[in-house]
Amino acid sequence: MFAPTVEEIVRDRLTQLSLQYWAGAPDQLPFDPKIVDDIYTEELSAPNPFSRIMLLELAHYLEAFLWPNFDADKSSVAHVVSILVMVNEKFRENVSAPWACFQEDEARFGRFFQRVLGLREERQLSTREEAVYLLFLINSFQSLENPMVRSECLKLVYLPLWLSVAEGRAEQEVRSLPPRIQERWKKLKTASKKKTKKNTKKNANDPARTFIPGLLRHFLDLLDLLETPPADNADEAAQEERSARVAYCERLVEWLIDLESQLPTRRFFHLVLQDAHVVERCRLSAFAKRPEASLFQQLVDMLAAFAAFDVNNYSGEALSDEQATAFHCRRIHALQKAAFKLFPDELRALAMSNIGAVQARPSLARHLAALSPAQLRQLAEHLHLLHPPPNTGAEPDAVESTEFLLEVLLTHHELRPSQLDKVNQLALYPNEEILWDENAVPAATYTGEHCLALPKLNLQFLTFYDYLLRNFNLFRLEATYAIRADVEDAVRRMNPRRTPSGQTAFNGWARMSLPIKNFRITAVRPPRIGEKQPAAVEAEVMWNLADTQGPMRHEWEELREHDILYLLVVKSPLAPGEQPAADAPFRDQYGVTYCRGAEASSSIEDVVRKGYLTNHFTAEEIKARWHAILYDQPTAEACAARLAEIEFDLPLLAYLEQRPPHVASPDKPHEPPPAEVKNTAEVDASSHAPPGTSAAASSASTSASTSTSVPLSFTTEELDGLRFSEMEAKLLAAMPHSTLDFFSRIARKEAYWREGERVQEQILRVENELKLITEKKLKMLALLRGRYLRYEMKSKEIVLGRTTGDAVVDVDLSEEGDAAKISRRQAVIKLKRDGEFYVHNVGRATIFVNGRSVPTGKRMHLTHCCLVEIAFIFEINRSLHAKLKAGLTAITTSIGAATT
0 MFAPTVEEIV
10 RDRLTQLSLQ
20 YWAGAPDQLP
30 FDPKIVDDIY
40 TEELSAPNPF
50 SRIMLLELAH
60 YLEAFLWPNF
70 DADKSSVAHV
80 VSILVMVNEK
90 FRENVSAPWA
100 CFQEDEARFG
110 RFFQRVLGLR
120 EERQLSTREE
130 AVYLLFLINS
140 FQSLENPMVR
150 SECLKLVYLP
160 LWLSVAEGRA
170 EQEVRSLPPR
180 IQERWKKLKT
190 ASKKKTKKNT
200 KKNANDPART
210 FIPGLLRHFL
220 DLLDLLETPP
230 ADNADEAAQE
240 ERSARVAYCE
250 RLVEWLIDLE
260 SQLPTRRFFH
270 LVLQDAHVVE
280 RCRLSAFAKR
290 PEASLFQQLV
300 DMLAAFAAFD
310 VNNYSGEALS
320 DEQATAFHCR
330 RIHALQKAAF
340 KLFPDELRAL
350 AMSNIGAVQA
360 RPSLARHLAA
370 LSPAQLRQLA
380 EHLHLLHPPP
390 NTGAEPDAVE
400 STEFLLEVLL
410 THHELRPSQL
420 DKVNQLALYP
430 NEEILWDENA
440 VPAATYTGEH
450 CLALPKLNLQ
460 FLTFYDYLLR
470 NFNLFRLEAT
480 YAIRADVEDA
490 VRRMNPRRTP
500 SGQTAFNGWA
510 RMSLPIKNFR
520 ITAVRPPRIG
530 EKQPAAVEAE
540 VMWNLADTQG
550 PMRHEWEELR
560 EHDILYLLVV
570 KSPLAPGEQP
580 AADAPFRDQY
590 GVTYCRGAEA
600 SSSIEDVVRK
610 GYLTNHFTAE
620 EIKARWHAIL
630 YDQPTAEACA
640 ARLAEIEFDL
650 PLLAYLEQRP
660 PHVASPDKPH
670 EPPPAEVKNT
680 AEVDASSHAP
690 PGTSAAASSA
700 STSASTSTSV
710 PLSFTTEELD
720 GLRFSEMEAK
730 LLAAMPHSTL
740 DFFSRIARKE
750 AYWREGERVQ
760 EQILRVENEL
770 KLITEKKLKM
780 LALLRGRYLR
790 YEMKSKEIVL
800 GRTTGDAVVD
810 VDLSEEGDAA
820 KISRRQAVIK
830 LKRDGEFYVH
840 NVGRATIFVN
850 GRSVPTGKRM
860 HLTHCCLVEI
870 AFIFEINRSL
880 HAKLKAGLTA
890 ITTSIGAATT
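Under numbering that gives the first Met the number 0, think of the first position of the sequence shown as 0, with each following residue one higher.
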């Protein structure tokens, strides 16, 4: 967009022309139509005329030159189109009174408007001129509060429009209208038949009857031209023409939305839109399925939503749920009657089923698939949904394909979700697709040159619910704009760069963002009764505050429940020293792959355990903070639905081995996880703190998984072996990562040591409610749970100690931390013949069991959940142990009886 300086404006050619012809100089020249044609040809018809139009608006080109010299009978097409261009510019610049210059002579404006309506018949307009023409209509129908404009616009959307609708369908609609409208319809039909017999030219060119249907036919023809994909070797002129056609189609759908979203225009236009099947043809077009049609698709979805709005089109009363249901049932009942009458054999199941069994789209499609295209056409005609296509030159299969006929019948009869259900399915926090969708959330540099997929606020609304819904959507998108600005600022400040190893390193810092240390989803709750979305999705995120100081550290430490976190996955394409491309989208510049919002739910203790946990942390644990978060239900459902689509070679967690998450299904609860995929990743956590919150934070991930056990393919020899470090490695390779993280987190929480105290003391008592999943799933004798790892005892004797180059033990205590004071063979845990467990101290130092010392060479009996003060909490598999003791008792009894 060009912003000229004052000196450039003074020297410009257009300024010099204005001084000569209309700037009010004493010696100005008389009006010359050639000046209008020259300006239109050389300036307004240029590929990018926006700066020139701004300059003409600054020079009052419309008020001082075009409108005073306009003659409805003599002015050229260029003169008329120039007026349209200047009116559109006033709306683009949000001028307070864009129609002020026309108010002095309303009769003259009426003649001008009629000339505009017939402009397409005078000569064939270019695609760019048609876009200007259509934008003028949009601005006119958005100005219905002006009586002068309203009187001209409403003539185009009145009862004569129904003369172009299928006769049977129009008669159906008229029966529901007041008697005075029915009488007017009868007179209108009678007069139309008389004019048709006389074949008068006035009847054929009546704008009230033919203008809007003609525009719809032209739009559908242009849509057919766009079905051909753009050629790779197309020249610049062909590309500009295609871009102009796409812009025209988008503008026309925007105009149709305006007509549907205002009651004065919707009242009689709604039936014309349905009769032309614009929504169905747009959705089935090949153009709508291409990436270049993303804005077009969004506009068509908005048009479909307004077309299905539950409102009485004539009275403007909102339909209650009961009224909307009754209206839907009448449609299904009419379809069943027609099916039984026309095709009693093919559609007997459809005709005899209850409404609830056939109202869903898949069910209807399954029944109607039994009909041939000719039968589908016959059924649609019987229901007054189709009449001979207006474009008789088109091939029948192009206009009425089987897919199109099915779509017409399904769209008319299917059960549509209510607007309230659609709102409830929206995610609370925008994801990466919405954040960087400039069709819905425009950038700060948006100048109004193209349309947006946004609801409009004006003086006309369908119902009060429509008013609330539009404001809700605009408020949501406005908040999205603010969030996007915060996220982009944080990512830029973090300065992500790709390292030579292919990872992403953050070379900067941001006050409201931190790289995360770990992330995992801990629970996916099943949906509640009557709902499809998970009831809750809980996750844990960990970040390190070691490098943060002062107020920044304080804000992160003050993170509280209900604060909002934004989790980002960043895979930077930029090498160190490389600058992002200025014209590339932000996501492509910095490699932002996923963005998910979540809510801080509570401290980590409340998620893992409901019991008491110690508040004494080590120095390392003070630096690394864990927080529990909750995903909202629509986000969780979207994540679960995309599990199969996510490419798991894309890094999700920082410097961790990432495996595909595994979700157990009800019918296959023990299905093994997918093949292991290894990679490293870099994750940025950007935050957004809404007003009133103390802080915000962020992390990374997009998929959800449940903590579920996985059957391990161990042989009998492996199960009896004593290499517990190897068994741990097998568990790590076989079980989902989230499950292992969940276990290790519990273990660390249950074995904190007091900071600064060298004497190892018992910190807490293990509560009975905390059962490890492996106690039931893995047939082990006992479980030793250390501070960081866990070990399954599957042999009757194991050795605890420190593995060195010449000594290998079953449980290597050096993996738990500093093991300098631990002997190579520290202790032996053994299951005796009486079925009891004992620990034998074979090391140099004394060990403790539940606070009681076990000197060197001595042993002590181990019970369930006793604390062995080397590094373990010893737990017995009591169910298996009870069976073992019962068997030993029976054997002992039988041996004693035999001896006797």
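Cβ atoms here follow ideal geometry from the backbone N, Cα and C, with glycine treated the same way.
Determine the direct distance from the alpha carbon of F403 to that of A397, and round the result to whole angstroms.
Legend: pLDDT at A397 = 44, less than 50; position of this residue unreliable, no value from coordinates given.
Please determine, among Q273, V86, L215, P263, the residue with the shortest C-alpha to C-alpha distance to E172.
That would be Q273, whose Cα lies nearest to the Cα of E172.
Check whether the region 101-110 touches the region 160-170, taking contact to mean three or more Cβ pairs, one atom from each stretch, closer than 8 Å.
These segments do not touch.
Report yes if the C-beta distance between E796 and V838 is below 9 Å; otherwise report no.
Taking 9 Å as the cut-off, the beta carbon of E796 is found no closer than this to the beta carbon of V838.
Distance between beta carbons of L458 and R469, contact taken as under 8 Å:
Between L458 and R469 the Cβ distance is about 13 Å, and since that is not below 8 Å, they are no contact.
Under three-state DSSP, which class holds Y157?
The answer is coil: DSSP assigns Y157 none of H, G, I, E or B.
Runs of beta strand (DSSP E) lying entirely within the region 802-831, each at least 3 residues, in chain order:
Annotation note: the region 802-831 contains the following uninterrupted beta strand (DSSP E) runs of length 3 or greater, listed N- to C-terminal: 824-830.
Tell me which residues share the same chain as P572 and place their Cβ nearer than 7 Å to its Cβ, disregarding the 5 neighbours each side in the sequence.
Beyond the five residues adjoining it in sequence on each side, P572 comes within less than 7 Å, by CB distance, of R497, G590 in the same chain, given in chain order.
Assign A781 to one of three DSSP states: helix, strand, or coil.
A781 falls in the strand class under three-state DSSP.
Output needed for I821: all residues of its chain with C-beta closer than 6 Å, excluding positions within five of it in sequence on either side, in chain order.
R801, L812.
Would you report the Cα separation of R510 and R527, rounded to the nearest angstrom?
Distance between the alpha carbons of R510 and R527 is about 39 Å.
Compute the distance between the beta-carbons of A350 and Q374, then report whether it is under 9 Å.
No, they are not a contact pair.
Chain-order list of residues whose beta-carbon lies under 7 Å from that of L155 (same chain, five-residue window excluded)
A distance below 7 Å between beta-carbons, with the five flanking residues on each side excluded, links L155 to the following residues of its chain, in chain order: P206, A207, F210, I211.
Looking only at its own chain, which residues have a Cβ that is under 8 Å from the Cβ of T14, when we skip the five neighbours before and after it?
Close CB contacts of T14 within its chain, under the 8 Å cut and outside five residues either way in sequence, are with I8, L54, A58 (chain order).
How many Å lie between A287 and D223 at the Cα?
Computed Cα separation, rounded: 11 Å.
Say whether the region 132-148 touches the region 251-261, bearing in mind that this needs 3 or more beta-carbon pairs closer than 8 Å, one atom from each stretch.
The count of Cβ pairs closer than 8 Å, one atom from the region 132-148 and one from the region 251-261, reaches three, so the stretches are in contact.
How should L651 be labelled, buried or exposed, when 16 other C-beta atoms within 10 angstroms of its C-beta is the threshold for buried?
Per-residue confidence for L651 stands at a pLDDT of 29, beneath the threshold of 50, marking its modelled position as unreliable; the derived number appears in the next sentence. So L651 ends up on the buried side.
Which of helix, strand or coil DSSP assigns to I52:
Under the three-state reduction of DSSP output, I52 falls in the helix class.
Minimum C-alpha distance to N876 - residue among M859, R784, R475, V94:
Residue R784 is the option with its Cα nearest to N876.
I'd like the span of the beta strand (DSSP E) that includes W542, first residue to last.
Per DSSP, W542 is one residue of the beta strand (DSSP E) stretching across 536-543.
Would you give the residue range spanned by the beta strand (DSSP E) that F836 belongs to?
Boundaries of the beta strand (DSSP E) harbouring F836: 836-840, taken from the DSSP string.
Is the region 488-505 close to the region 517-536, with three or more CB pairs under 8 Å?
Contact between the region 488-505 and the region 517-536 is absent, because fewer than three Cβ pairs lie under 8 Å.
Would you mind listing the alpha helix (DSSP H) stretches within the region 13-71 that are 4+ residues and don't spill past its ends, in chain order?
As for any alpha helix (DSSP H) of minimum length 4 sitting wholly inside the region 13-71, the runs are 32-38, 49-57, ordered along the chain.
For E947, the nearest candidate out of P416, R360, H449 (CA to CA):
The structure shown has nothing for residue 947, since the chain only spans 0 to 899.
Through-space distance from W508 to V299, alpha-carbon basis:
Each residue's alpha carbon lies about 43 Å from the other.
Can you tell me where the alpha helix (DSSP H) with P361 in it begins and where it stops?
360-367 is the extent of the alpha helix (DSSP H) around P361.
Considering just the uninterrupted stretch of the alpha helix (DSSP H) at F90, what are its terminal residues?
Bounds of the alpha helix (DSSP H) holding F90 are 76-91.
Go to P372, then tell me how far its alpha helix (DSSP H) extends in each direction, as first and last residue.
Taken as a continuous stretch (DSSP letters only), the alpha helix (DSSP H) holding P372 covers 372-381.
For A844, which option in D833, F836, G856 has the closest C-alpha, if you only look at C-alpha atoms?
Of the listed residues, the one whose Cα sits closest to A844 is G856.
Stretch-stretch touch, CB-based, cutoff 8 Å, three pairs: the region 279-293 with the region 221-239
Output reads yes: the region 221-239 touches the region 279-293.
May I ask you to list the residues that DSSP assigns as paired with C248?
According to DSSP, which records beta bridges pairwise, C248 is partnered with nothing at all.
DSSP-derived helix/strand/coil call for P946
The chain is shown only over 0 to 899; residue 946 falls outside these bounds and no answer can be derived.
Using 8 Å as the threshold, is the region 232-248 in touch with the region 125-133, meaning 3 or more CB pairs across them?
With a cut-off of 8 Å, the region 125-133 and the region 232-248 count as touching, because enough Cβ pairs lie within range.
By DSSP, does D683 sit in helix, in strand, or in coil?
Only weak support exists for where D683 lies, its pLDDT of 34 falling under 50; the coordinates are left without a value.
Just reading off the alpha helix (DSSP H) that F326 is part of, what are its end residues?
Under the DSSP assignment, F326 falls in the alpha helix (DSSP H) whose first and last residues are 320-341.
Which value, in whole angstroms, describes the spacing of the CA atoms of L118 and I354?
Rounded to whole angstroms, L118 to I354 spans 50 Å at the Cα level.
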